[in-house]
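Residues in the sequence shown are numbered from 1 upward in steps of one, following my numbering. Written out below as structure tokens is the structure these notes cover.
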Amino acid sequence: MGETLIAPDILPVEIASALRGLNLGGHLDNRDLDVAGNDLLRLPIDLHPTLPLIPRVLALRSNFSTYDASYVALAEAFRCPLLTLDRRLAKATRLHCDIDVVEL
């Protein structure tokens with residue numbers, strides 16, 4: 001059986017924001033935007049509420065943006081590695097949780 005991916009419930013909004021930016025910047029046409037939006041709805045990721053993470057998110061304020069801190073706080077809470085494409089985030093996070101940098 002495979003592992004379950006988890007993320008804070010802000011993930012879909014962050015992805016939608018990135019897709020919007022790609023569309024407005026001319027890098028993603030409207031059809032592909034619609035396809036990506038529909039694919040987003042089917043991502044096999046268990047979303048967890050951010051509200052219980054807020055105290056830890058605020059405690060991490062010196063090292064991370066609020067958004068990044070929500071991912072770090074969730075990884076800490078579940079004692080699981082944080083998957084990221086962001087090497088800068090990976091370097092800063094290694095003191096708080098295990099990191100797996102994903103290569104595309």
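Think of the CB as a built atom: it goes at the ideal place given N, C-alpha and C, for glycine as much as any other residue. Remember, it's a predicted structure, so these values are computed and weren't measured experimentally.
Following the continuous alpha helix (DSSP H) through residue i, name the residue where it begins and the one where it ends.
| i | result |
| --- | --- |
| Thr-66 | 66-78 |
| Leu-33 | 30-41 |
Does the distance between the C-beta of residue i and the nearest non-hydrogen atom of the ligand MG fall short of 6 Å?
| i | result |
| --- | --- |
| Asp-39 | Because no ligand of any kind appears in the structure shown, any question about the ligand MG cannot be addressed here. |
I need the straight-line Cα distance from residue i to residue j, nearest angstrom please.
| i | j | result |
| --- | --- | --- |
| Asn-30 | Pro-81 | 35 Å |
| His-96 | Leu-104 | 24 Å |
| Ala-73 | His-27 | 32 Å |
| Leu-83 | Glu-76 | 13 Å |
Considering only C-alpha positions, which residue in the set the options is nearest to residue i?
| i | options | result |
| --- | --- | --- |
| Leu-60 | Glu-3, Asp-39, Ala-92 and Asn-23 | Ala-92 |
| Pro-52 | Val-35, Arg-88, Tyr-71 and Val-101 | Tyr-71 |
Could you please give me the residues that DSSP links to residue i through a beta bridge?
| i | result |
| --- | --- |
| Thr-84 | Val-101 |
| Ile-6 | Asp-46 |
Could you say if the segment 17-35 and the segment 50-70 meet the contact criterion of at least three C-beta pairs nearer than 8 Å?
no
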